[in-house]
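J.: Residue numbers (my numbering): 0 to 893.
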Amino acid sequence: MNRHPQRPLPARLSLLACALAALAAQAQAQNAAQEATAEKPPQTLQRVEIVGSSIKRITAEGPSAIAVYKRADIEATGATSTVELLSKMAAVTAFDDGSNGNSFSAGATSASLRNMGAQNVLVLLNGRRLANYAFAAGTDTPFVDLNTIPLAAVERVEILRDGASALYGSDAVAGVMNFVTKTDYQGMELAGKLGQRTAGDQRRGEFSLTAGRGDIDRDGYNLLAMVAASRREPVLAGKHSLTRSTDLRPYGGLDLRDTARSPGSIQRIDQGYRKAHPACPAGQVEVDNIGDEYCRTDIAADAQLSPTLERINASLMGSKSLGANMSLFGELVLGHNKTDWRGGYPTLESGVDHRVTPGMAAYVPALGRWVDDKGVVHENSPLQAYRSVDEAGERGTRSLVTSSRALAGLRGTQGNWDWEAAAMFSRSRGDQTEFNMLKRDAVLNALAKGGYNPFVPVNSRADAQALLTDITKQATSTLNALDAKVSNPELTRLLGGPLGMAAGVQFMHESMKEVADPQLAAKNIENWSGTSSDGSRKVASGFVEFNLQPNKATEIQLALRSDHYSDFGTTTNPKIAVAFRPNSDWLLRAGFNTAFKAPSLPQMHMGSTNAYPGEGIRDWIRCKPMGLNYNQCAYYPRLTYVPNEQLKPERSDIWSAGLAFNPSKALNTTVDLYYLKQKDSINLLDGQYLIDHEFDIPGYADLVTRDPRNPVLEQRYPGLKNGRLKYLTLPYMNVGGVETGGVDWTLRLEHQWAGIRFWLENEYNAILRYKSAFTPDGDLLDRVGGYSQEKWRNTLRVGGERGAWRVQLNGLTYAGVLNVSSPAVLQPGVDPGRMPSRTVWDLSVGYTGWKDLKLNLTVLNVFDIKPRFSTGYGGFYDDRYGPTIQLAARYTLR
0 MNRHPQRPLP
10 ARLSLLACAL
20 AALAAQAQAQ
30 NAAQEATAEK
40 PPQTLQRVEI
50 VGSSIKRITA
60 EGPSAIAVYK
70 RADIEATGAT
80 STVELLSKMA
90 AVTAFDDGSN
100 GNSFSAGATS
110 ASLRNMGAQN
120 VLVLLNGRRL
130 ANYAFAAGTD
140 TPFVDLNTIP
150 LAAVERVEIL
160 RDGASALYGS
170 DAVAGVMNFV
180 TKTDYQGMEL
190 AGKLGQRTAG
200 DQRRGEFSLT
210 AGRGDIDRDG
220 YNLLAMVAAS
230 RREPVLAGKH
240 SLTRSTDLRP
250 YGGLDLRDTA
260 RSPGSIQRID
270 QGYRKAHPAC
280 PAGQVEVDNI
290 GDEYCRTDIA
300 ADAQLSPTLE
310 RINASLMGSK
320 SLGANMSLFG
330 ELVLGHNKTD
340 WRGGYPTLES
350 GVDHRVTPGM
360 AAYVPALGRW
370 VDDKGVVHEN
380 SPLQAYRSVD
390 EAGERGTRSL
400 VTSSRALAGL
410 RGTQGNWDWE
420 AAAMFSRSRG
430 DQTEFNMLKR
440 DAVLNALAKG
450 GYNPFVPVNS
460 RADAQALLTD
470 ITKQATSTLN
480 ALDAKVSNPE
490 LTRLLGGPLG
500 MAAGVQFMHE
510 SMKEVADPQL
520 AAKNIENWSG
530 TSSDGSRKVA
540 SGFVEFNLQP
550 NKATEIQLAL
560 RSDHYSDFGT
570 TTNPKIAVAF
580 RPNSDWLLRA
590 GFNTAFKAPS
600 LPQMHMGSTN
610 AYPGEGIRDW
620 IRCKPMGLNY
630 NQCAYYPRLT
640 YVPNEQLKPE
650 RSDIWSAGLA
660 FNPSKALNTT
670 VDLYYLKQKD
680 SINLLDGQYL
690 IDHEFDIPGY
700 ADLVTRDPRN
710 PVLEQRYPGL
720 KNGRLKYLTL
730 PYMNVGGVET
740 GGVDWTLRLE
750 HQWAGIRFWL
760 ENEYNAILRY
770 KSAFTPDGDL
780 LDRVGGYSQE
790 KWRNTLRVGG
800 ERGAWRVQLN
810 GLTYAGVLNV
820 SSPAVLQPGV
830 DPGRMPSRTV
840 WDLSVGYTGW
850 KDLKLNLTVL
860 NVFDIKPRFS
870 TGYGGFYDDR
880 YGPTIQLAAR
890 YTLR
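(1) Span of the alpha helix (DSSP H) holding Met603?
(2) Please look up how many angstroms separate the CB atoms of Val742 and Asp671, rounded, as I've assumed it's under 8 Å.
(3) Among the residues of its own chain, which have a CB less than 6 Å from the CB of Arg397, if the five just before and after it don't count?
(4) Indicate the three-state DSSP secondary structure (helix, strand or coil) for Arg705 in the structure shown.
(5) Lys551 by DSSP, collapsed to three states: which one?
(6) With DSSP run on the structure shown, which of helix, strand or coil describes Leu321?
(7) List the whole-angstrom C-beta distance separating Val363 from Phe454, where the pair is believed to meet the contact cut-off of C-beta under 8 Å.
(8) Alpha carbon to alpha carbon, what distance is there between Arg833 and Tyr876?
(9) At a cut of 8 Å, does the stretch 743-753 reach the stretch 722-729 through at least three beta carbon pairs?
(10) Give me, in chain order, the residues of the same chain whose beta-carbon lies closer than 8 Å to that of Thr401; leave out the 5 immediate sequence neighbours on both sides.
(11) Under the assumption that Lys596 contacts Asp139 (Cβ atoms under 8 Å), give the Cβ distance between them as a whole number of angstroms.
(12) So, does the stretch 170-187 touch the stretch 122-129, judging by three or more C-beta pairs under 8 Å?
(13) What does DSSP give as the partner residue(s) for Ile616 in the beta ladder?
(14) Assuming Gly496 and Leu490 make a contact with CB atoms under 8 Å, what is their CB distance in whole Å?
(15) Whether or not the stretch 226-235 and the stretch 193-204 are in contact is what I'm after, with contact meaning three or more pairs of Cβ atoms, one per stretch, closer than 8 Å; do they touch?
(16) Which of the three DSSP states is assigned to Ser771 in this structure?
(17) I'd like the list of long-range same chain contacts for Gln29, defined as Cβ closer than 6 Å, with 5 residues on each side in sequence excluded.
(18) Please state the DSSP three-state secondary structure of Arg368.
(19) Grab me the residues of Gly290's own chain with a C-beta within less than 6 Å of its C-beta, minus the 5 sequence neighbours each way, in chain order.
(20) Which two residues bound the contiguous beta strand (DSSP E) that contains Ala578?
(21) Threshold first: 3 residues or longer. Then list the beta strand (DSSP E) segments lying entirely within the stretch 797-858, N to C.
(22) Could you give the residue range of the beta strand (DSSP E) that holds Ala69?
(23) When you compare each of Val370, Ser380, Val388, Gly613 to Arg354 by their alpha carbons, which one comes out closest?
(24) What residue range does the alpha helix (DSSP H) around Gln687 cover?
(25) Let me know the alpha helix (DSSP H) ranges lying completely inside the stretch 99-169, each 4 residues or longer, listed in chain order.
(26) If you compare alpha carbons, which of Met187, Met507, Glu738, Ala515 is closest to Asn114?
(27) Can you check whether the CB of Pro141 is closer than 8 Å to the CB of Ser599?
(28) How is Thr81 classed by DSSP in three states: helix, strand or coil?
(29) Does the stretch 367-376 come within contact of the stretch 307-317, defined as at least 3 CB pairs closer than 8 Å?
(30) Please list, in chain order, all residues of the same chain as Gln266 whose beta carbon is under 6 Å from its beta carbon, the five residues on each side excluded.
(31) Kindly indicate which three-state DSSP category Tyr890 falls into: helix, strand or coil?
(32) Under 8 Å between the Cβ atoms of Ser318 and Tyr250?
(33) With a threshold of 8 Å, are at least 3 pairs of Cβ atoms found where one atom belongs to the stretch 64-80 and the other to the stretch 157-164?
(34) Would you list the residues sitting across from Asn582 in a DSSP beta bridge?
(35) In angstroms, rounded to a whole number, what distance separates the CA positions of Tyr68 and Ala90?
(36) From what residue to what residue does the alpha helix (DSSP H) around Gln464 run?
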């Protein structure tokens, strides 16, 4: 814990900002004096469409809070991929970079705004949707894989920090990310990057080629082609001091060494205790707090802690003039994402049907003999094996996902009207293969008739291979759409000012199908389950938007959209937002809108799937008679998730207010407050709630499956009447809700001194309130302040540029948090402790001294800041792998 008080980061930044603001104001005064004596040529300001409105405008600053990252801003971060860029933004409150090879959607990347999850963020490419990733995250959450968006072709990134269902429909609850590609580009650009961890592992390389031809005004056409390829190798456990052992007791944690590696442990059913196999070395035997023994085996030095990732992206974008007022445009985006993961061994199930009794081929009479506390000898006890089958090598996962998006359309102008219509096809298709999986029927046959014997410390490789197989699941996600819209920045004049207007229609067909391997469908794979789903729907939508400026100081945005879904009905969502400019320096804004999140296709149409709880379920009906406390009372039964075709959409009300101060190019700051209330949130029936009400609510007992009662334990613990938890069946339901609110603060300062241009950019995101409920009629509980919902996050970028050199230091600070997932799980009178705040600095050095060549050296975590350890989280909470060095080059041919 951090026992040294220090000034909070926002306060320190404010002092620094004040000092730099004074310098900026001085520079502004000097610039103003020069501008007063210089005669400027007239400029024509072009209207462009910015995310959050379909009416073209001159400035991005308006009624809604929008962050725009232009190409120069992107290059200054040193990021060479969309994934890397988003990881540096404070507005992105949660991030999955695809490095978890054990996830349902390994290799894919998603991002969250407002801590609302990827499912509440709408991702657009050039203002239009993309198909969701083939495999849903966590079995039920479709999302757009951000790897399919090639950063080399991106001209700017727009992030709307507000709800936008009144303009875009479903998913636009916490915000919208719009990636806008280059247009009218001529020339060729080659870019590459090489890097690795300073420990010597996770080598990575990226390459891209971008080429453009034709000037739309001069030649009547433009084509832009891009291809990018990347490879990232895995992190290896033996390369890093904090990962060489999974025994975390030296750091105050638990011993997480494997308990299933050969020879494992056994249980004599009549005895009731679990015992380490007699062949387990004495130094590896560990006894827990209820007397069970385990045979511990540490992680191997070459164990992979992340997968090998290979990605290829290609895009072709073009436009063709069809006259003075009309053009044809098209897009083709292709992606290839391959993920390889090696790690772990297949483990035998431990159910009743896997018990070995006398007369079965695998039974070992010597292991079935035991002596009780009174010296009485017991023979022929049924045996249970707890071990993995490791004689034939590790398990592995290979995921191969291809994506495609084709779009063609027409756009043009007629008088003061802009119009556009397009047709789009988008698809993501994936195959995921699991290697070395245990066949249930082969295991049961070996136990009964001979072959592999789990009570023998080492079996032959051939006997182990006879139990193993490979399984493959396939998934496809598609999105087809037709849309058309018109807009006019000045349809008429109303209340003394221009009235802008936009209207449009959209028709979509969405489908998602996931087919499990036949052996999974037949439940013939040990300790594994497969997701499956097959659903589709049609959506018809229409929207209208008005922009009213009754005077030069006031701007009013009104929008309304209605969406009709073939599977649950119609939802209509309005938006009103107002911006007021008392003078050229200040802007005040406020707004209200409603948003919705449609039930996902897997939530409504998937087959049953199995998983295990991340946190233990407290079964007090067993733990109280056994005298177990909160930490000891933790069970991990198999959870079976089932769909619900009667789900309703999640509904949200969103309020916002803010201000912007922009007296000059040297100083810009914004402060925006938001409050969001979500109702009818879709969640699985909570497993803890189910167990707490197992015998109180009719039908709940039917959702709980327990092992047979254990007479030995019941004799030892009077009052114990129920078997150990085995399975829970959990349906999706519209239960609970979310209330959250917070503040976003951005600051940008620039100053010229001694021929050096200095800048400071700061983005601060604070969650002032986050309450949620996951149970029927449950109270909203405070979730913010634990490691699952940190209170604030800050990104600071400080840099300088002179001549050909450019240096920037990026600092990402995470708030200190309680040593629990959220305050809602705190036990009365228990102090969980805290993890301190943590700041990680990245250094970027750029050089442009050679013609048409840009070089950039980036060191991630340049000061090698160590991770925080959390006993509540169960390990190191932050990146444990140390600094990464990357060298990038970009060569431009014109």
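A virtual CB, placed ideally from N, CA and C, is assigned to each residue, including glycine. A quick note: this is a predicted structure, and the numbers were derived from the prediction, not measured.
T.: In brief:
(1) 600-604
(2) 7 Å
(3) Asp339, Thr432
(4) strand
(5) coil
(6) coil
(7) 5 Å
(8) 12 Å
(9) no
(10) Leu333, Gly334, His335, Asn336, Ser427, Arg428, Gly429
(11) Actually they do not touch by this definition, with Cβ atoms about 12 Å apart.
(12) yes
(13) Tyr634
(14) With 8 Å as the limit, Gly496 and Leu490 do not qualify as a contact, their Cβ atoms being about 12 Å apart.
(15) yes
(16) strand
(17) Any reading at Gln29 is ruled out, since the residue's pLDDT is 41, under 50, leaving its predicted position unreliable.
(18) coil
(19) Tyr272
(20) 568-579
(21) 804-813, 837-846
(22) Per the sequence shown, residue 69 should be read as Lys rather than Ala. 65-69 is the span of the beta strand (DSSP E), which, as asked, contains Lys69.
(23) Ser380
(24) 686-691
(25) 164-167
(26) Glu738
(27) yes
(28) helix
(29) no
(30) Arg273, Gln383
(31) strand
(32) no
(33) yes
(34) DSSP output for Asn582 lists no bridge partner at all.
(35) 12 Å
(36) 460-464
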